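To start, the structure itself, in structure tokens.
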Amino acid sequence: MKISIIVPTFNESEHIAELLRYLSEYAQDSVNEILVIDGLSSDDTVQIVRKEGFQCLISSKKGRAAQMNLGAKLTSGDILYFVHADSIPPKTYVSDILEALQSGAESGCYRFKFNSNKLLLKINSWFTRFDRLMCRGGDQTLFIKRSLFEELNGFKDFAIMEDFDMIKRLRRRDTFQIIQKDVIVSARKYDENSYLKVNLINLLIYTMFFFGASQDTMVHAYQELIKGTKFGEPSHH
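Counting in our numbering, the sequence shown runs from -7 upward without gaps.
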């Protein structure tokens, strides 16, 4: 089974080269492609990706959901692996995913920990080992069998919470697996905002999502309340 890695980007010049080198170094034979889908970055993300020797395509529509759906259409692997630009999976990511699939999983993710030694962030990270939707997020990376992804018609055309919606649908099949190893994720949202503020806003947006708030309402609330927001993505839980 071949794995296609899809990395959606928007103004990720600071992180993208390191991630792509890392993914390539530990790709093994089972990874048949690493594809970056950029959402009209205004920095030099695209130029950096191409200079590093990786394929980068530009999506006419900005937003992770649209970018990841486009990446899925343009790749050929049996397994789709979606990785955010500021997340670093374990070196064993290929064997981890293949072992999960062999054990019966059709999709799954990792736990995570922040690139920070702050105690409160360590507490946040600890909860991601549990199979609860509130503890999930796109930063934990996400692998899905292509056949299942297509059966679910991919990510919904959301500007925010597209990862929660997808995981919510995946978990209904009872074949979603949390790999008990850590993805390293950036704590930049917490550096730019207070710990309490980010967690309260996360809870607010999650509650709005749970009760069916509109995309426009959630995006507006998030962009108004959180500094450093990029195309309406929720910050790390």
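Every residue gets a Cβ at the ideal spot worked out from N, C-alpha and C, and that includes glycine.
Source: prediction; values computed, not measured.
Bridge partners - residue i, DSSP secondary structure assignment
i: R128; result: Paired residue(s): none; R128 is not in a bridge.
i: D174; result: R103
i: Y73; result: I(-3) and F135
i: L27; result: I(-2) and Q47
i: F168; result: S99
i: S108; result: In the DSSP output, where bridge partners are listed per residue, S108 has none listed.
i: I80; result: I176
For residue i, the nearest candidate out of the options (CA to CA)
i: A64; options: R163, L140, A213 and I176; result: L140
i: R103; options: D183, K181, P81 and V86; result: P81
i: N107; options: N145, S51, L162 and D174; result: D174
i: L188; options: N116, M210, L144 and N145; result: N116
i: L72; options: C48, I176 and V23; result: V23
i: N109; options: M200, Y182 and L192; result: Y182
i: M113; options: L49, S178 and L195; result: Note on residue identity: the sequence assigns Leu, not Met, to residue 113. Measuring from the Cα of L113, the nearest candidate turns out to be S178.
i: E10; options: S34, K43 and D21; result: K43
i: F202; options: K160, T133, R165 and L192; result: K160
i: A97; options: D166, T133 and S79; result: D166
i: P0; options: R124, G55, E6 and R13; result: G55
i: E91; options: D123, Y14, Q172 and R164; result: Q172
Nearest-angstrom Cα separation, counted from residue j out to residue i
i: D155; j: G129; result: 6 Å
i: L93; j: K137; result: 9 Å
i: Y198; j: M126; result: 7 Å
i: S(-4); j: V38; result: 19 Å
i: T84; j: S16; result: 12 Å
i: L217; j: E25; result: 37 Å
i: G69; j: I(-2); result: 11 Å
i: I176; j: N185; result: 19 Å
i: V86; j: A19; result: 7 Å
i: G224; j: W118; result: Any reading at G224 must be qualified, since the residue scores a pLDDT of 41, below 50, and its modelled position is unreliable; the value itself is stated next. Roughly 25 Å separates the two Cα atoms.
i: L192; j: L27; result: 34 Å
i: Q215; j: S34; result: 18 Å
i: D131; j: F74; result: 9 Å
i: L111; j: V190; result: 15 Å
Distance CB(residue i)-CB(residue j) smaller than 8 Å
i: F147; j: M158; result: yes
i: F2; j: G45; result: no
i: E143; j: A77; result: no
i: I89; j: R121; result: no
i: S95; j: L162; result: no
i: L62; j: I8; result: no
i: I152; j: M60; result: no
i: T133; j: S79; result: yes
i: V41; j: L66; result: no
Anticipated Cβ contact below 8 Å, residue i with residue j, distance rounded
i: F135; j: A57; result: That pair is no contact at about 17 Å.
i: L195; j: A213; result: No, L195 and A213 are not in contact; Cβ-Cβ is about 12 Å, not under 8 Å.
Residue i beta carbon near the ligand ATP (any heavy atom closer than 7 Å)
i: L62; result: Of ligands this structure carries none, so the ligand ATP is not represented either.
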